Ligand code: SAM
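Numbering (my numbering), first residue to last: 5 to 220.
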């Protein structure tokens, strides 16, 4: 799957060790995902490469202007035919269901806001979907973009060592949409804190029953 991320801080993604190691790093190395970043600022026609301005009607903070984002999206659309997704706390909440749906796409363009956000006209005319990663406000859309890429990637074939493990995570059909049961590993007794007897019994039917009972 191809991701093109539009941001004024491409290095937050390009240089991020999170994208160089472990599952996501491996997915990139194995071409399961392809992440490209684009610096919105380079598209600015302003002589100082400005990308923000004061909001009409006043109020605190600056807003990202139309022109650089418009030109950046236009250019990137030639490389990526997927939907344009704008990260915003005002968007639809990122849930497991939404992330499963997004994981079926071949590609997407992710637009990261900064300042107080972006000019509404870009949202009206060029954005296909708006996604929030939760009801709180971050300083920019780069972390949310990485969250989206992460949750999609772990669902793609070959991304996890044990391909089935994503099918048994919280929110999946296997767990009836519920949150996962508690896990324990060796030792069976750690400083007097013991693993529930049923899990040590070797009785798979009983273990399954115990796990079902402890879904959250
Ligand atoms: N003024 C905006 C508001 O009140 O909704 C917040 C702007 S925020 C400081 C700057 C940028 O960070 C946003 O345009 C968005 O791209 C990103 N962002 C912040 N919180 C986010 C969240 N919860 N989910 C997705 N993106 C978020």
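For every residue, glycine included, the Cβ atom is placed at its ideal position computed from N, Cα and C. All figures in this text were calculated on a predicted structure; none of them were measured in a lab.
Task: Nearest-residue set for the ligand SAM, Cβ under 6 Å from any heavy atom - done: 91, 92, 93, 94, 116, 117, 118, 120, 121, 136, 137, 138, 140, 141, 142, 143, 144, 145, 148
Task: Neighbourhood of residue 64 by C-beta distance below 8 Å, restricted to the same chain and skipping five residues each side - done: 120
Open item on the list: Within a Cβ cutoff of 6 Å, which residues of the same chain sit near residue 145, ignoring the five residues on either side of it in sequence?
Closed with: 91, 116, 117
- [ ] Can you give me the Cβ contacts of residue 56 inside the same chain, cut-off strictly under 8 Å, excluding the 5 residues immediately before and after it?
- [x] 66, 67, 68, 69, 118, 119
TODO: Report the three-state DSSP secondary structure of residue 74 (helix, strand or coil).
DONE: helix
TODO: Would you mind working out which of 191, 104, 137, 82 sits nearest residue 181, comparing C-alpha positions?
DONE: 104
Open item on the list: Excluding the 5 residues flanking residue 18 on each side, which residues of the same chain have their C-beta closer than 6 Å to its C-beta?
Closed with: 41
TODO: Check each candidate in 5, 71, 10 and name the one with the smallest Cα separation from residue 148.
DONE: 10
Task: Contact set for residue 187: own chain, Cβ-Cβ below 7 Å, skip 5 residues either direction - done: none
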